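Chains as they are written, first to last, in my numbering: chain A, 1 to 190; chain B, 1001 to 1367; chain C, 2001 to 2305.
Cβ atoms here follow ideal geometry from the backbone N, Cα and C, with glycine treated the same way.
All values reported here derive from a predicted model rather than from experimental measurement.
Structure first, commentary second.
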Amino acid sequence: MNATALQGGFATPAHDSARAFRATLDALARPGTIQTVAGAQPPAPLSVAAGVLILTLTDGTTPVHLAGAWDCADVRDWITFQTGAPLVGPADAAFAVGAWNDLAPLDRFAIGTPDYPDRSATLIVECDALQAQGAQLTGSGIKDSARLSLPDAARVFAANHALFPLGLDFFFTAGDRLAGLPRSTKVEDN
Amino acid sequence: MYVAVKGGERAIENAHAWLAEERRGDPSVPELALDQIREQLKLAVNRVMAEGSLYDPDLAALAIKQSRGDLIESIFLMRAYRTTLPRFGVSRPVDTAAMACIRRISATFKDLPGGQILGPTFDYTHRLLDFALAAEGEAPRAPITEGAEPAAVPHVTEFLNRDGLIQEEPHSDETPGDLTRNPLELPANRPLRLQALARGDEGFVLSLAYSTQRGYGRTHAFVGELRIGLVAVEYDVPELGFAIHLADIELTECETVNQFKGSRSEPPQFTRGYGLVLGQSERKSISMSLVDRALRWRELGEDYIGAPAQDEEFVLSHCDNIQATGFLEHIKLPHYVDFQAELELVRRLRAEALELTGAPAMKEAAE
Amino acid sequence: MTAIAQTPTETDAYNFAYLDEQTKRMIRRAILKGVAIPGYQVPFASREMPMPYGWGTGGVQVTAACLVPEDRLKVIDQGADDTTNAVSIRRFFQRTAGVAVTENTPEATVIQTRHRIPETPLTEGQILVYQVPIPEPLRFLEPRETETRRMHALEDYGLMHVKLYEDIARHGQIATSYDYPVKVEGRYVMDPSPIPKFDNPKMSDNAAIQLFGAGREQRIYALPPYTKVVSLDFEDHPFVASKADHPCGLCGSTDSYLDEVIMDDQGGRMFVCSDTNYCSTRREAGHIGAMAAPAPAQPQERRAE
Ligand SMILES: [Zn+2]
């Protein structure tokens, strides 16, 4: 195991993860808002924000899928050491991390069942930047409407929304910033 | 003029101080030591360990002392403590065939390899108050028989199994679910049902078992075997490549032999109910076996007659006494708001009903 | 914050906010799925807490999973900060999380409640955590979880409409005064917890995050801010958020939910705000009800305690 795996976790786990969760909750409960998080120093190419999400939400009970360049020894070792999360293929993943193009096609991930729509994957999508502009978001969590830069055409996320109450939930991460897009959000082009 | 009642915090502190005083009782009477509870109220300790799902006689004794002998309260204390414990790993399944039995009886065979071991039982005692105990007499020593040390004895049901007379249980190395770590999902499988029953309230499980004997889901059970004794708990250490012996724990295991008429695909043979409980808990383990067997109607192709003991959702949702007592007792909490809403509704409905019948509506006194 | 003394934290003995990190992660994941599927009840592996089931263990676990050291916590039961169970839960978090507490609704960042929504409108950045006894709105119509889960999956809420309609046939109105079922964003029928139906409209379009925890029943559900929540009704029998038709005897408010207090054995009674913080804030601002003392902090005011 690489020595970097042992570093970059939360210094004070109870407090760091609590603050990180509140930012995460705000991000998902208020789509279109962009939150700043801290406390993780994960190995490249994992962003600080994605690292924080992994430390906050995953453990031995949550299978994680690493896509594309994120599926590298440094990241694997770091997640294994820091969280104990089993690394799996897309179909079994509770969480998946990677660049948008590597996560595609999305239909490989669990979208939940009619009885248990919560048994669906959460995708952590690493982005170059996050901005409150672009696609128009409306729905639960949003007063009137909001805008968020998305890594793909609005229709892709609209198709996910159309599955409601099934579907995937997304976090977009860039550096130490993150935004959430739950399946409940209606996404349109302008 | 009116001022609302205040002082919740003070009231709580005072109540707790009073409780502590009551717990101690008359200070001129010597205080109970934990080892006295552990050694002399062992069956209470066992019940608290079994339903608390935590094998620790000293902690159970403490819980009993702290709860003034209220065993459900003691079980609650154990459960609340248990959830705070980190989980280092999972032991190997215990091998009850290797149990060092202090008691082992079968109701189905008069004699059998390993013999009937009566052990320390209330059975055949005449339930007469023993005033010698009140006089604080020294307990008589039990006679020691040479060569009668607890030893491993084979399971009775294996004798039946050899002849194909009893249903073979499917072997599985699948990790059983864990109710304490995952929310109960229905329908549940047998390992989860057994876990729920093992933690379940002794009185509830007893009454359900009794109801099957009276015809509410009858299963014609005999105690094939009841055994009590110590088993070894072993833990595989991956780094070492072998299992280490952690401790010996006392268990009670019951296997019932039940009549089974057979089905289209199966010739008549006996079936089993199973009970396994921490500590010496005979009544509980027999009850558990009967309820387990009643819940197996579906897999055995039997009719569902609507008996409570056959109803998995009913049994599993209501067997936990900590859930039950909490929800039951919560109606002591203030419900001013919902009651007020009901009060308004009833007044309005009454006023409208009286208006319709033409009766004069009662004038509210304060209005 | 005056009446409640700060207790030193006991974080040495227990983890921050009592629960271990793995348990908090499990609860946090459930909360996030609840937020993503508003109104849907997410199963979670509720832990045994050091207070009884039915006394707020679900709310306590949700609060514990949400709290940060910087939070300012308010706990109410029946709208009041000083009811015994509210005091007990607030003290639990003072001890185990060392967070600041308040009775003042606008100051609070997290509010745990049983049976009420505060009268003062909530704001963005606040979280309202409800204690829920029976999270399944269909439970009293169909006791089996296996059945109700299927009904939610199929969006089959006919049973609920039949029940409400039977009410109308028998009583001329819907005879449910609290725990009044709602529909969330046109999809899930949800149990609002036993709040009076007077509070139901406050759930809709609320700026705060609303989280619901049912410990014994092992369910968490959520309403993100600005979620559309509609109380079930019929066109010819529209929902009415009713309350006692009186002003508060202490602060004179005519639009707050009221507790009825029996004054004597002659049938004398008065009505006072169930939201104690709302009422005292109004009195401090000079609003005086018909039965209040002329001014706060008069010596004789303590007599009745
Ligand atoms: Zn008032």
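* **the stretch 2260-2269 of chain C / the stretch 2194-2206 of chain C touching (three or more Cβ pairs under 8 Å)** => no
* List the residues of chain C whose Cβ lies closer than 9 Å to the Cβ of A1196/B, in chain order. => Within 9 Å Cβ-Cβ: nothing; A1196/B doesn't reach chain C, min ~13 Å.
* To do: Let me know the secondary structure DSSP gives F10/A once reduced to three states.
  => coil
* To do: Scan the stretch 2217-2264 of chain C and note each continuous beta strand (DSSP E) run of 3 residues or more that stays entirely inside, going in chain order.
  => 2219-2223, 2229-2231 and 2258-2262
* Asked: Buried or exposed: F2234/C, going by 16 or more other Cβ atoms within 10 Å of its Cβ?
  -> exposed
* To do: For Y2278/C, verify whether its CB is less than 8 Å away from any heavy atom of ligand 1.
  => yes
* Whole-Å CB distance - P31/A paired with P151/A, under 8 Å assumed -> Actually they do not touch by this definition, with Cβ atoms about 15 Å apart.
* Can you have a look at K143/A and say buried or exposed, based on whether 16 or more other CB atoms are within 10 angstroms of its CB? => exposed
* How should L1016/B be labelled, buried or exposed, when 16 other C-beta atoms within 10 angstroms of its C-beta is the threshold for buried? -> Here the sequence assigns His to residue 1016/B, which means Leu is not the residue at that position. The residue is exposed, with fewer than 16 neighbouring Cβ atoms inside 10 Å.
* Thinking just about the alpha-carbon of each residue, which of A2108/C, Y2221/C, V2229/C and M2160/C is nearest to the one in N2206/C? -> V2229/C
* Asked: What first and last residue would you give for the beta strand (DSSP E) that runs through E1185/B?
  -> Segment: none, E1185/B is in no beta strand (DSSP E) and carries neither H nor E.
* **Chain-ordered neighbours of C2066/C on chain A, where CB pairs are closer than 9 Å** => A18, F21, R22 and L25
* Asked: Is there at least one Cβ from chain D nearer than 9 Å to Q1310/B's Cβ?
  -> Within the model displayed, chain D is absent; protein chains A, B and C are what it includes.
* **Selection from L2073/C, G2215/C, K2163/C and V2035/C that minimises the alpha carbon distance to L2141/C** => K2163/C
* Asked: Would D1026/B be called buried (16 or more neighbouring beta carbons within 10 Å of its own) or exposed?
  -> exposed
* Asked: Applying the criterion that 16 or more other CB atoms from any shown protein chain within 10 Å of the CB defines a buried residue, is D1178/B buried or exposed?
  -> exposed
* Specify whether the stretch 1273-1281 of chain B and the stretch 1239-1251 of chain B touch according to this definition: at least 3 beta carbon pairs, one from each stretch, less than 8 Å apart. => yes
* To do: Go through its chain and collect everything with a Cβ distance to P90/A's Cβ below 7 Å, but skip five positions before and after it.
  => H65, A96, R108 and F109
* Asked: Between F1327/B and R2216/C, which are expected to be in contact by the criterion C-beta below 8 Å, what is the C-beta distance as a whole number of angstroms?
  -> 6 Å
* Assign K2243/C to one of two classes, buried (16 or more other C-beta atoms within 10 Å of its C-beta) or exposed (fewer than that). => buried
* **DSSP state of C1254/B mapped onto helix, strand, coil** => strand
* For the beta strand (DSSP E) that contains I1105/B, what are its first and last residues? -> A1100 to I1105
* Under 8 Å between beta-carbons, which chain C residues line up against R1181/B? List them in chain order, please. => A2045
* Asked: Going by the C-beta, is V1337/B closer than 8 Å to any heavy atom of ligand 1?
  -> no
* Asked: How is the beta strand (DSSP E) around E188/A delimited, first residue to last?
  -> K186 to E188
* Name the chain C residues whose beta carbon is nearer than 8 Å to that of D1338/B? -> H2115, S2177, Y2178, D2179, P2194 and P2196
* Asked: Skipping 5 residues on each side, what residues in its chain have a beta carbon closer than 7 Å to that of R1218/B?
  -> T1212
* Measuring from the CB of R2282/C, is there a heavy atom of ligand 1 at a distance below 8 Å? -> yes
* **Local conformation of Y2165/C per DSSP, three classes** => helix
* **Burial state of S1028/B (16 or more Cβ within 10 Å)** => exposed
* Asked: If you check the beta carbons only, do V2110/C and R2072/C fall under 9 Å apart?
  -> yes
* Could you name the residues of chain A that V2229/C contacts, counting a contact when the two beta carbons are closer than 9 Å? => Simply none; closest approach about 10 Å.
* Asked: Going by C-alpha distance, which of P2247/C, M2190/C, V2182/C and A2030/C is nearest I2288/C?
  -> P2247/C
* Asked: Which residues mark the beginning and the end of the alpha helix (DSSP H) in which M2270/C is found?
  -> Segment R2269 to C2273 is the beta strand (DSSP E) holding M2270/C; no alpha helix (DSSP H) there.
* Are the C-beta atoms of I2209/C and some chain A residue less than 9 Å apart? -> yes
* Asked: Any heavy atom of ligand 1 closer than 8 Å to the CB of G2252/C?
  -> yes
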